[in-house]
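Numbering (UniProt numbering), first residue to last: 1 to 332.
Ideal placement from N, C-alpha and C gives every residue a C-beta, glycine not left out.
Remember, predicted model here, so these are calculated numbers, not experimental data.
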Amino acid sequence: VLECGVCEDVFSLQGDKVPRLLLCGHTVCHDCLTRLPLHGRAVRCPFDRQVTELGDSGVWGLKKNFALLELLERLQNGPAGQCGTTEEAIGLSGESITRCDEDEAHVASVYCTVCATHLCADCSQLTHSTKTLAKHRRVPLADKPHEKTMCSQHQVHAIEFVCLEEGCQASPLMCCVCKEYGKHQGHKHSVLEPEANQIRASILDMAHCIRTFTEEISEYSRKLVGIVQHIEGGEQIVEDGVGMAHTEHVCLFFYLLHMHRIFQEDMTILLSQVSTACLHCEKTLQQDDCRVVLAKQEITRLLETLQKQQQQFTELADHVQLDASIPVTFTK
C-alpha cells in the first residue's frame with residue numbers, strides 16, 4: 001500500500017514520489033505518471049487501463065492522495081503516548097522493523113525468551129555459542145510473546161486495568177497502584193485483556209463494513225467511468241454532425257460530462273479515504289493490548305467519519321443517474 005505499484009518505490013510526502021490519484025481510484029507516484037504515454041490529453045491507468053483526463057497543468061493537476069500522505073506522515077513521526085519507547089522503526093517498505101540489540105545496524109529476526117533480547121541471525125549465533133546459552137529458546141519475531149507494558153507513573157508495576165470513566169478516556173491505562181491509590185481511585189474499570197479483545201472485535205466488524213463499502217464505491221466508480229466514456233463518445237457526433245444552430249444541445253452535453261467527471265473525482269477520493277481507513281484498522285489489530293485500548297478513541301472517530309461518508313455516498317449516488325443512455329438528443 002505504501003509503495004508505488006509501477007516502480008515499487010516507497011511513496012514520499014513530496015517530490016517525484018508523491019502519490020497522485022487517477023480517476024479509477026488507483027494511486028501512482030508523480031514520477032511514474034510523467035512517464036506514462038499520453039493519449040491526446042489523457043493517460044491510461046497502468047493497472048486497469050481506465051482513462052484519466054489531464055488538465056492544462058498535466059500530471060501536476062492530479063489530486064494528491066492526502067489520506068495516504070497522512071498515513072505516511074504518522075508512520076514517519078512514529079507512535080507516541082503512554083506506551084513509552086520501542087525498539088521498532090519504520091523501514092523503507094513502510095513496514096515496522098526491529099533493530100538488533102547487539103548491533104543496531106542489523107535488523108532483528110529472532111527473540112530470545114530467556115535473555116529478552118531481539119537479535120539478528122549472526123548475533124544470535126555469536127551470543128549463544130556456549131553450551132549453556134545455546135539451550136535458550138529463540139523464536140521468530142512474529143512468535144514473540146507480548147511484553148507487559150509498565151505503568152509510566154509506577155514503573156515497577158505492569159498495566160493491568162482500563163479506566164471506563166468518561167473523563168479519563170484520553171489516559172485510560174492503569175496499574176494496580178493507580179487503581180487503588182492513584183488518580184483512578186474509585187473509578188469504574190475493566191481488565192486490560194478482555195477490554196482489548198472487545199475493541200478488536202469491534203474493529204473486525206468495522207473492517208468488514210469498510211470492505212463492503214469499498215466494493216460499493218468501486219462498482220459505482222466503474223459505472224461512472226462507463227458513463228463518462230459514453231458521453232465522450234457522443235462528442236464526435238456533435239463535432240462532425242451538428243452546427244451552430246444547436247448550441248443549446250452542445251451546452252447540455254458538456255454540462256453532463258462536467259458533472260459526471262466531478263462525481264467521478266469525488267468517488268476516487270472517497271475510495272482512497274475508505275481504503276486507508278481499512279489499512280489503519282488492520283494495523284491496529286496487530287498491536288498489543290495497551291495500544292489497542294489507546295486507539296479506541298481514534299477508531300471511534302474513524303467509525304463516525306465512515307458513517308458520514310456512507311451517508312454522503314448515498315446522497316451523491318441519488319444525484320447521478322447511472323444509465324449509459326443519457327437523455328441527450330442531437331437533432332439535425
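>> By alpha-carbon positions, which one of P140, H146, K148 and D103 ends up nearest to Q126?
In response: Your numbering for residue 126 matches position 126 in the sequence shown. In the sequence as presented, Gln is not what sits at residue 126; that position holds Leu. The residue with the shortest Cα to Cα distance from L126 is D103.
> Just to confirm, are T34 and V59 a CB contact at a threshold of 8 Å?
Replying inline: By 1-based counting over the sequence shown, the position of residue 34 is 34. By 1-based counting over the sequence shown, the position of residue 59 is 59. Going by beta carbons, T34 and V59 fall inside the 8 Å limit.
>> Taking only three categories from DSSP, how would you classify Q14?
In response: As a working mapping, residue 14 is identified with position 14 in the sequence shown. If DSSP states are grouped into helix, strand and coil, Q14 belongs with coil.
> Does the region 207 to 220 come close enough to the region 188 to 199 that 3 or more CB-CB pairs lie under 8 Å?
Replying inline: No, they do not touch.
>> Runs of 3 residues minimum, wholly inside the UniProt domain "B box-type" (95 to 141): which ones carry the beta strand (DSSP E) assignment?
In response: Whole beta strand (DSSP E) segments, 3+ residues: 96 to 98, 110 to 112, 117 to 119 and 138 to 140.
> Buried or exposed: G25, going by 16 or more other Cβ atoms within 10 Å of its Cβ?
Replying inline: Working through the sequence shown from its first residue, we reach residue 25 at position 25. Burial call: buried.
> Relative to the C-alpha of Q273, which residue among R211, Q287, V293 and D289 is closest?
Replying inline: Locating residue 273 in the sequence shown gives position 273, where the first residue counts as 1. Checking every option, the nearest Cα to that of Q273 belongs to R211.
> To the nearest angstrom, how far is it from the Cα of V43 to the Cα of S202?
Replying inline: Along the sequence shown, one-based indexing puts residue 43 at 43. Along the sequence shown, one-based indexing puts residue 202 at 202. Roughly 41 Å separates the two Cα atoms.
> To the nearest angstrom, how far is it from the Cα of L271 to the Cα of E216?
Replying inline: As a working note, residue 271 is residue 271 in the sequence shown. As a working note, residue 216 is residue 216 in the sequence shown. If you take the alpha carbons of L271 and E216, they lie about 9 Å apart.
> Would Q286 pass as a contact of A295 if the rule is Cβ separation under 8 Å?
Replying inline: Translated into positions along the sequence shown, residue 286 becomes position 286. Translated into positions along the sequence shown, residue 295 becomes position 295. In this structure, A295 does not lie closer than 8 Å to Q286 by Cβ.
> The alpha helix (DSSP H) spanning L294 covers which residue range?
Replying inline: Sequence index remark: in the sequence shown, residue 294 carries index 294 (1-based). Per DSSP, L294 belongs to the alpha helix (DSSP H) from D289 to L294.
> Do you know how far the Cα of K148 is from the Cα of N65?
Replying inline: Locating residue 65 in the sequence shown gives position 65, where the first residue counts as 1. Locating residue 148 in the sequence shown gives position 148, where the first residue counts as 1. Going by the C-alpha atoms only, they are around 37 Å apart.
> Taking the alpha carbon of C123 as the point to measure from, which residue in V107, C45 and E70 has its own alpha carbon closest?
Replying inline: Here residue 123 refers to the residue found at position 123 of the sequence shown. That would be V107, whose Cα lies nearest to the Cα of C123.
> Who are the Cβ neighbours of Q169 in its own chain at under 7 Å, not counting the five residues just before and after it?
Replying inline: Residue numbering aside, residue 169 sits at position 169 when the sequence shown is read from its first letter. The answer, listed in chain order, is Q297.
> With which residues is S190 paired in a DSSP beta bridge?
Replying inline: By 1-based counting over the sequence shown, the position of residue 190 is 190. Beta-bridge pairing by DSSP links S190 to V162.
>> Our contact map puts C175 next to H146 with C-beta atoms below 8 Å; I'd like the distance itself, whole angstroms only.
In response: Along the sequence shown, read from residue 1 onward, the residue named residue 175 stands at position 175. Along the sequence shown, read from residue 1 onward, the residue named residue 146 stands at position 146. With a Cβ gap of about 16 Å, C175 and H146 do not count as contacting.
> Just curious, the alpha helix (DSSP H) that L33 is in, first and last residue?
Replying inline: On the sequence shown, residue 33 is found 33 positions in, with the first residue counted as 1. It spans H30 to R35 - the alpha helix (DSSP H) in which L33 sits, taken as one unbroken run.
>> Can you give me the C-alpha to C-alpha distance between A134 and I159, rounded to a whole angstrom?
In response: Within the sequence shown, the letter at position 134 stands for residue 134. Within the sequence shown, the letter at position 159 stands for residue 159. When rounded, the separation of the alpha-carbon atoms in A134 and I159 is 32 Å.
> Measuring CA to CA, which of V6, C290, F11 and R301 is closest to S152?
Replying inline: As a first step, residue 152 is located in the sequence shown; it is residue number 152 there, counting from the start. Of the listed residues, the one whose Cα sits closest to S152 is C290.
> Are the CB atoms of C32 and V10 nearer to each other than 8 Å?
Replying inline: As a first step, residue 32 must be located in the sequence shown, where it is residue number 32. As a first step, residue 10 must be located in the sequence shown, where it is residue number 10. Contact flag unset, no.
> How would you call D101, buried or exposed, if buried means at least 16 neighbouring beta carbons within 10 angstroms?
Replying inline: Within the sequence shown, residue 101 is the residue found at index 101, counting from 1. Taking all protein chains in view, the Cβ of D101 is crowded by 16 or more other Cβ atoms within 10 Å, so the residue is classified as buried.
> For P79, which of helix, strand or coil comes out of DSSP?
Replying inline: By one-based count along the sequence shown, residue 79 stands at place 79. The pLDDT assigned to P79 is 44, lower than 50, so where the model puts this residue is not dependable; a value taken from the coordinates is nonetheless given after this. In the three-state scheme derived from DSSP, where H, G and I count as helix and E and B as strand, P79 is classed as coil.
> Can you list, in chain order, the residues of its chain whose CB lies under 7 Å from that of S12, leaving out five sequence neighbours each side?
Replying inline: Residue 12 sits at position 12 when you count from the first residue of the sequence shown. Excluding sequence neighbours, S12 sits near V18.
> So the alpha helix (DSSP H) E180 belongs to, where does it begin and stop?
Replying inline: The residue labelled residue 180 in the question sits at position 180 within the sequence shown. It spans C176 to E180 - the alpha helix (DSSP H) in which E180 sits, taken as one unbroken run.
>> Beta-carbon within less than 8 Å of L164's beta-carbon, same chain only, minus the 5 sequence neighbours each way: which residues are those?
In response: By one-based count along the sequence shown, residue 164 stands at place 164. Excluding residues within five positions, the ones whose Cβ falls inside 8 Å are P172, H187, K188, H189 and S190.
> Is the CB-CB distance between E265 and L23 below 8 Å?
Replying inline: Counting from one through the sequence shown, the residue named residue 265 turns up at place 265. Counting from one through the sequence shown, the residue named residue 23 turns up at place 23. With a cutoff of 8 Å on beta-carbon distance, E265 and L23 are scored as near each other.
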